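Heads up, the sequence shown is in this note's numbering, so the first residue is 11 and it goes up one at a time. A virtual CB, placed ideally from N, CA and C, is assigned to each residue, including glycine. Since we're looking at a predicted model, the values are computed, not measured.
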Amino acid sequence: MSTNTLIPLNRNAAEFISKPKKMLINGKWVEALSGETSQTYNPATGEVITSVAKGGKEDIDRAVNAARKAFEEGPWPKLKPNERAKLLLKLADLLDENAEEIAHLETLENGRSVKFSSAMAPNAAGHFRYYAGWATRLTGETIPTSRPGDVFNYTRREPIGVCGAINPWNGPFMAAVMKLAAPLSTGNTVVLKPASETPLGTLRLGELIQEAGFPDGVVNIVTGPGSTLGNALTLHPEVDKIAFTGSTDVGKQIMKNCAETIKKVTLELGGKSAHIIFADADYEVALKNAANAIFMNSGQVCFAGSRLFVEGKIYDKFVADLADYAKTYKLGNGFDPETILGPVISAKQKQSVLNYIDIGQSEGAEVITGGDAAEDGLIQGYYVKPTVLGNVRNDMKIAQDEIFGPVVAAIPFHSVEEVIEMANKSIYGLGGGICTTDVRKAHKVAHAMRTGNVWVNTYSLVDPASPFGGYKQSGIGRENGSAAIDAYTEIKNVWINLD
Ligand code: NAP
Ligand code: MG
């Protein structure tokens, strides 16, 4: 555990949190119509960061109306594609200019170490630049029908309209970026609701969006409780599409609500991703991958490699070495320059993770390392030690439920067929990993895994150009790449009579 002098909070970030935060509706920073506020907390200390407007259904109405108006009237629908691209590129430059502030806000509200949050604004800028490129490349097709002499048949890509977006707390800034870049490049307008635990980075992004010069009402940010705001947004008749990232349970409710008005819906939900270590793998690479795949961001990653399948002949040694590796992570406040693993997001999340460890033990799993909260000067925040559970069977609750904390369930296997069958025995199918030096095995297993993303001899790589999303109950649709262009455009087909 690390207890160094903390990196001082970036001055602009300190200034940002010194005032109560309002919501962005129709280009203005406004309080909730009810006047209510709530507080956000630093998970590293449990202390209040600042107060934030607690929006209600009536604020969703205002935001949706603004987004609808901006979609249909004013400058936004008239902007040329290269002008939309220019706004996105300007926003990307502003992200680069304000990178440290953004990193510090993420560490403050989410707990993630500054070591990792520092990469975020540059990644976000890259994401906006990638989608800036798409704005001028939204082409349709000319289609040779069976009556070529008589008709001209073509397609156009058009924006869907008003897009509602709802985000979780575990990677709040990049989640906001991913809910904005593709819809804005394609000409939609957005109403975005960040998680109650982590609204700050998203609100700062709202300021940069204004500074970049996006017309009023194109991006609206409403803060407040998911139960009320979520229902208001997903049931709203003037919202055309919902993009949600969060838990599978809430995702199911959202799909039901969207059915009322047949909204388009994309869902990025939970996971229990299988990471398969073959005995022929490069041992050191596999060990490092296995550890980082589950423990980064203290396991609060939807595609975390939380079910670790290790080939029987190396299982005991690998699990013991993984436990030793886990002990080397410095756990602490994200502003400590040596911290690798920060806290989990809240007292509630910490308790939930510890409960799962108890359940695992009652199911017969063995705690090889970790298994409890961290002490030593970390009593105030919400810390859980990186935990390796051995002696796990794939049908145990700890191998099937998403724990969303720094807990890995290690399961032995004895053949390729057996491990594919176990890996696919899950309601989820988001991420997946394979460590092997046998290229045939790598492809064979990658193809057999019922999951949206597979990493071979690496883990966790994401890129704006590379589609991301889930099979089964891990979601519907894809973010990133050309898949997100499909997710934010309608295809219109036009027939012209040439006769
Ligand atoms: P969550 O409880 O599902 O909340 C996600 C968002 O939904 C929050 O903004 C929340 O608002 C809102 N919400 C809550 N109830 C709602 C309702 N009835 N209708 C509409 N919105 C509602 O998830 P979380 O606890 O924040 O995040 C953890 C989960 O997200 C994990 O399961 C994780 O796997 C998943 N996740 C998936 C991905 C992915 O890309 N697949 C990425 C990140 C996280 P409040 O904050 O106000 O409650
Ligand atoms: Mg929640």
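Using a Cβ-based criterion (distance less than 8 Å to any ligand heavy atom), does T310 qualify as near ligand 1?
Just to set this straight, residue 310 is Gln in the shown sequence, not Thr. Yes, Cβ of Q310 sits closer than 8 Å to a heavy atom of ligand 1.
Tell me which same chain residues have a C-beta within less than 7 Å of the C-beta of D331, skipping the five on either side of it?
Cβ within range, chain order: L297.
Whole-angstrom C-beta distance between Y325 and P225, which should lie under 8 Å
Contact between P225 and Y325 is ruled out by a C-beta separation of about 58 Å, above the 8 Å threshold.
Beta-ladder partner(s) of Q49, from DSSP
Beta-bridge pairing links Q49 to S61.
To the nearest angstrom, report how far apart N365 and F81 are at their CA atoms.
Rounded to the nearest angstrom, the gap between the Cα atoms of N365 and F81 is 47 Å.
Let me know the secondary structure DSSP gives H246 once reduced to three states.
H246 falls in the coil class under three-state DSSP.
With distance defined between alpha-carbon atoms, name the residue in T349, K100 and V249 nearest to T15.
Per the Cα distances, T349.
Could you check if G322 is buried or exposed, using at least 16 other CB atoms within 10 Å of its CB as the buried criterion?
Exposed, by the Cβ-count rule.
Inspect the beta-carbon positions of E489 and T276 and report whether they are closer than 9 Å.
Cβ atoms of E489 and T276: closer than 9 Å.
On the criterion of 16 or more Cβ atoms from any shown chain inside 10 Å, does I231 qualify as buried, or is it exposed?
With 16 or more other Cβ atoms within 10 Å, it is buried.
Output needed for V429: all residues of its chain with C-beta closer than 6 Å, excluding positions within five of it in sequence on either side, in chain order.
Once the five neighbours on either side are set aside, the close Cβ partners of V429 are I286, F319 and F423.
Alpha helix (DSSP H) runs contained entirely in the stretch 75-120, provided each spans 4 or more residues:
Runs of the alpha helix (DSSP H) inside the stretch 75-120: 91-107 and 109-120.
Neighbourhood of G227 by C-beta, 7 Å cutoff - its chain only, sequence neighbours within 5 removed:
Cβ within range, chain order: N36, G37, A76, A77, K79, A80 and T199.
Quick check on the burial criterion: 16 or more other C-beta atoms within 10 angstroms. Buried or exposed for S237?
Counting Cβ neighbours within 10 Å, S237 comes out exposed, since fewer than 16 surround it.
Specify the secondary structure class of R317 as computed by DSSP and reduced to three states.
In the structure shown, R317 falls within a strand segment according to DSSP collapsed to helix, strand and coil.
May I ask which residues mark the beginning and end of the alpha helix (DSSP H) holding N503?
According to the DSSP assignment, N503 belongs to no alpha helix (DSSP H) but to the beta strand (DSSP E) extending over T499 to N507.
Ignoring anything shorter than 3 residues, give me the beta strand (DSSP E) runs that lie fully in the stretch 117-201, in order along the chain.
If we require 3 residues or more, the beta strand (DSSP E) runs fully inside the stretch 117-201 come out as 161-169 and 172-176.
Report back the beta-carbon spacing between S206 and A145 to the nearest angstrom; my notes put them in contact at under 8 Å.
Not a contact, Cβ separation roughly 32 Å.
Compute the distance between the beta-carbons of G480 and V464, then report whether it is under 9 Å.
Going by C-beta atoms, G480 is not nearer than 9 Å to V464.
Enumerate in chain order the residues of its own chain whose CB-to-CB distance from E168 is below 7 Å, with the five nearest sequence positions on each side excluded.
Exclusion of the five residues before and after E168 leaves T499, E500 and K502 as the residues of its chain whose Cβ lies within less than 7 Å of its Cβ.
Write down every uninterrupted run of the beta strand (DSSP E) in the stretch 422-484 whose length is 3 residues or greater and which is fully enclosed by it, in chain order.
Whole beta strand (DSSP E) segments, 3+ residues: 442-445.
For the putative contact between K64 and A42, defined by C-beta atoms under 8 Å, what is the C-beta separation to the nearest angstrom?
About 5 Å; that satisfies the 8 Å criterion.
Let's test the definition: count the other Cβ atoms within 10 Å of the Cβ of N507 and tell me whether it reaches 16, buried, or not, exposed.
Only exposed fits N507, as fewer than 16 other CB atoms lie within 10 angstroms of its CB.
Quick one: does the C-beta of F254 sit closer than 8 Å to a heavy atom of ligand 1?
At least one heavy atom of ligand 1 is nearer than 8 Å to the Cβ of F254, so yes.
Verify the contact flag: S127, CB atom, against every heavy atom of ligand 1, threshold strictly below 8 Å.
Incorrect: S127 has no Cβ contact closer than 8 Å to ligand 1.
H453 burial status per 10 Å Cβ neighbour count (16 or more: buried):
Of the residues assessed, H453 falls on the exposed side of the cut-off, its CB having fewer than 16 other CB atoms within 10 angstroms.
Closer than 8 Å is the cut-off here; do at least three beta carbon pairs connect the stretch 377-384 with the stretch 147-160?
Verdict: no, contact absent.
I need the straight-line Cα distance from V354 to Y141, nearest angstrom please.
Between the alpha carbons of V354 and Y141 lies a gap of roughly 32 Å.
Thinking C-beta only, is S308 closer than 9 Å to P416?
Result yes, Cβ atoms of P416 and S308 sit closer than 9 Å.
For W505, count the other beta carbons within 10 Å of its own beta carbon; 16 or more makes it buried, fewer makes it exposed. Which is it?
Around the beta carbon of W505, a 10 Å sphere encloses fewer than 16 other beta carbons of the protein chains shown; the residue is thus reported as exposed.
Inter-residue spacing [alpha-carbon to alpha-carbon] between G181 and T155
Approximately 46 Å between the Cα atoms of the pair.
Three-state secondary structure (DSSP) at K31?
Three-state DSSP puts K31 in a strand.
Taking the alpha-carbon positions, what's the F138 to A175 distance?
In this structure, the alpha-carbon of F138 lies about 17 Å from that of A175.
Quick check: is any heavy atom of ligand 1 less than 8 Å from the C-beta of K31?
K31 Cβ: outside cutoff for every heavy atom of ligand 1.
Taking buried to mean at least 16 other C-beta atoms within 10 Å of its own C-beta, is I272 buried or exposed?
Classification of I272: exposed, given that the 10 Å Cβ count is below 16.
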